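Numbering (the UniProt record's numbering), first residue to last: 1 to 120. Note that beta-carbon positions come from the ideal geometry of N, C-alpha and C, so glycine has one too. Model, not experiment: these values are computed from the prediction. Everything on this sheet refers to the single structure shown next.
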Amino acid sequence: MRTYIRTLSVDLGEKLGYAAHMSHLTRTSAAGLQLEDALTLNEIAEKVEAGQLDFLHPLEIGIGDLVKVILTPEQATEVRFGRFIELDQTDQELAAFEGDKLLAILEKRDNFYKPRKVFS
(Lines of atoms letter the chains of each structure in order from A and count residues from 1; the text may use other names and numbers.)
(Lines give C-alpha, C1' and ligand atoms only; values in the text may rest on other atoms or scores of the structure.)
Protein backbone atom coordinates (compact mmCIF):
# COMPACT_ATOMS: atom_id res chain seq x y z
CA MET A 1 0.00 0.00 0.00
CA ARG A 2 1.28 3.44 -0.92
CA THR A 3 0.63 6.55 1.13
CA TYR A 4 0.36 9.81 -0.74
CA ILE A 5 1.32 12.74 1.50
CA ARG A 6 -0.53 15.27 -0.66
CA THR A 7 -3.73 13.25 -0.24
CA LEU A 8 -3.19 13.05 3.52
CA SER A 9 -3.03 16.85 3.76
CA VAL A 10 -6.33 17.20 1.89
CA ASP A 11 -7.94 14.47 4.04
CA LEU A 12 -6.71 16.16 7.22
CA GLY A 13 -8.18 19.47 6.08
CA GLU A 14 -11.53 17.81 5.39
CA LYS A 15 -11.56 16.26 8.88
CA LEU A 16 -10.86 19.69 10.38
CA GLY A 17 -13.54 21.29 8.22
CA TYR A 18 -11.14 23.41 6.18
CA ALA A 19 -9.87 23.43 2.64
CA ALA A 20 -6.28 22.25 2.64
CA HIS A 21 -3.47 21.75 0.20
CA MET A 22 0.25 21.17 0.31
CA SER A 23 2.39 24.07 -0.82
CA HIS A 24 5.75 22.29 -0.65
CA LEU A 25 7.02 18.74 -0.49
CA THR A 26 10.61 17.53 -0.65
CA ARG A 27 11.24 13.87 -1.35
CA THR A 28 14.33 12.92 0.67
CA SER A 29 14.60 9.31 -0.47
CA ALA A 30 13.27 7.01 -3.16
CA ALA A 31 14.15 3.47 -4.19
CA GLY A 32 17.02 3.37 -1.70
CA LEU A 33 18.57 6.60 -3.00
CA GLN A 34 19.06 9.59 -0.68
CA LEU A 35 18.67 13.29 -1.47
CA GLU A 36 22.03 14.11 0.13
CA ASP A 37 23.73 11.92 -2.49
CA ALA A 38 22.12 13.79 -5.41
CA LEU A 39 24.22 15.76 -7.87
CA THR A 40 23.42 19.06 -9.56
CA LEU A 41 23.28 19.22 -13.35
CA ASN A 42 26.59 21.10 -13.34
CA GLU A 43 28.22 18.39 -11.20
CA ILE A 44 26.92 15.71 -13.57
CA ALA A 45 28.24 17.61 -16.60
CA GLU A 46 31.66 17.99 -14.96
CA LYS A 47 31.85 14.28 -14.12
CA VAL A 48 30.79 13.25 -17.63
CA GLU A 49 33.33 15.62 -19.18
CA ALA A 50 36.03 14.10 -16.96
CA GLY A 51 34.95 10.57 -17.93
CA GLN A 52 33.88 9.76 -14.36
CA LEU A 53 30.71 7.71 -14.71
CA ASP A 54 30.84 5.89 -11.38
CA PHE A 55 27.91 7.98 -10.11
CA LEU A 56 25.51 6.28 -12.55
CA HIS A 57 23.20 3.57 -11.23
CA PRO A 58 21.65 0.72 -13.22
CA LEU A 59 18.06 1.28 -14.38
CA GLU A 60 16.90 -1.61 -12.20
CA ILE A 61 17.55 0.35 -9.00
CA GLY A 62 14.32 2.30 -9.43
CA ILE A 63 11.96 -0.60 -10.03
CA GLY A 64 12.39 -2.64 -6.87
CA ASP A 65 8.70 -2.49 -6.01
CA LEU A 66 7.46 -3.66 -9.43
CA VAL A 67 6.69 -7.26 -10.30
CA LYS A 68 9.31 -8.50 -12.76
CA VAL A 69 8.34 -10.52 -15.83
CA ILE A 70 10.61 -12.13 -18.40
CA LEU A 71 9.27 -11.65 -21.92
CA THR A 72 9.56 -14.10 -24.76
CA PRO A 73 11.53 -12.84 -27.78
CA GLU A 74 8.23 -12.31 -29.61
CA GLN A 75 6.75 -10.29 -26.73
CA ALA A 76 9.94 -8.21 -26.49
CA THR A 77 9.67 -7.32 -30.18
CA GLU A 78 6.05 -6.26 -29.74
CA VAL A 79 6.96 -4.10 -26.74
CA ARG A 80 9.81 -2.42 -28.67
CA PHE A 81 7.24 -1.38 -31.29
CA GLY A 82 4.94 0.00 -28.58
CA ARG A 83 2.30 -2.68 -29.06
CA PHE A 84 0.02 -4.13 -26.41
CA ILE A 85 0.82 -7.64 -25.19
CA GLU A 86 -1.19 -10.16 -23.23
CA LEU A 87 0.30 -11.44 -19.97
CA ASP A 88 -1.08 -13.65 -17.24
CA GLN A 89 -0.60 -10.98 -14.55
CA THR A 90 -2.85 -8.84 -12.38
CA ASP A 91 -0.53 -6.03 -11.23
CA GLN A 92 -1.14 -2.53 -12.60
CA GLU A 93 2.54 -2.01 -13.50
CA LEU A 94 5.25 -4.48 -14.43
CA ALA A 95 8.99 -4.34 -15.06
CA ALA A 96 9.49 -6.23 -18.32
CA PHE A 97 12.84 -7.92 -18.88
CA GLU A 98 14.40 -9.47 -21.94
CA GLY A 99 16.69 -11.99 -20.32
CA ASP A 100 18.49 -10.07 -17.56
CA LYS A 101 18.08 -6.65 -19.23
CA LEU A 102 15.29 -4.24 -18.28
CA LEU A 103 13.34 -3.58 -21.47
CA ALA A 104 10.27 -1.61 -20.39
CA ILE A 105 7.77 -0.56 -17.79
CA LEU A 106 4.34 -1.89 -18.72
CA GLU A 107 0.95 -0.69 -17.50
CA LYS A 108 -2.26 -2.69 -17.47
CA ARG A 109 -5.01 -1.67 -19.88
CA ASP A 110 -8.07 -3.90 -19.67
CA ASN A 111 -6.71 -7.43 -20.27
CA PHE A 112 -3.47 -6.28 -21.91
CA TYR A 113 -0.25 -4.50 -21.02
CA LYS A 114 0.90 -1.38 -22.84
CA PRO A 115 4.51 -0.17 -22.82
CA ARG A 116 4.64 3.03 -20.78
CA LYS A 117 8.41 3.45 -21.11
CA VAL A 118 10.69 1.41 -23.37
CA PHE A 119 14.41 1.49 -22.60
CA SER A 120 15.84 -0.22 -25.68
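Legend entry - Secondary structure of Gln-34, DSSP reduced to three states: Looking at Gln-34 - three-state DSSP - the assignment turns out to be strand.
Inset, instruction - Please determine if the stretch 42-51 and the stretch 60-73 are in contact, where contact requires at least 3 C-beta pairs separated by less than 8 Å. - result: Not touching, per the Cβ criterion.
Inset, instruction - Using beta-carbon positions only, say whether Phe-112 and Phe-84 come within less than 7 Å of one another. - result: Less than 7 Å divides the Cβ of Phe-112 from the Cβ of Phe-84.
Inset, instruction - Measure how close the beta-carbons of Ile-63 and Leu-102 come, nearest whole angstrom, since I'm counting them as under 8 Å. - result: Approximately 7 Å separates the beta-carbon atoms of Ile-63 and Leu-102; this is inside 8 Å, confirming the contact.
Inset, instruction - Specify, as a first and last residue, the run of the beta strand (DSSP E) that residue 125 falls within. - result: As displayed, the chain neither begins before 1 nor continues past 120, which places residue 125 out of reach and without an answer.
Legend entry - Beta carbon of Ala-104 nearer than 7 Å to that of Val-118: Yes, Cβ-Cβ distance for Ala-104 and Val-118 is below 7 Å.
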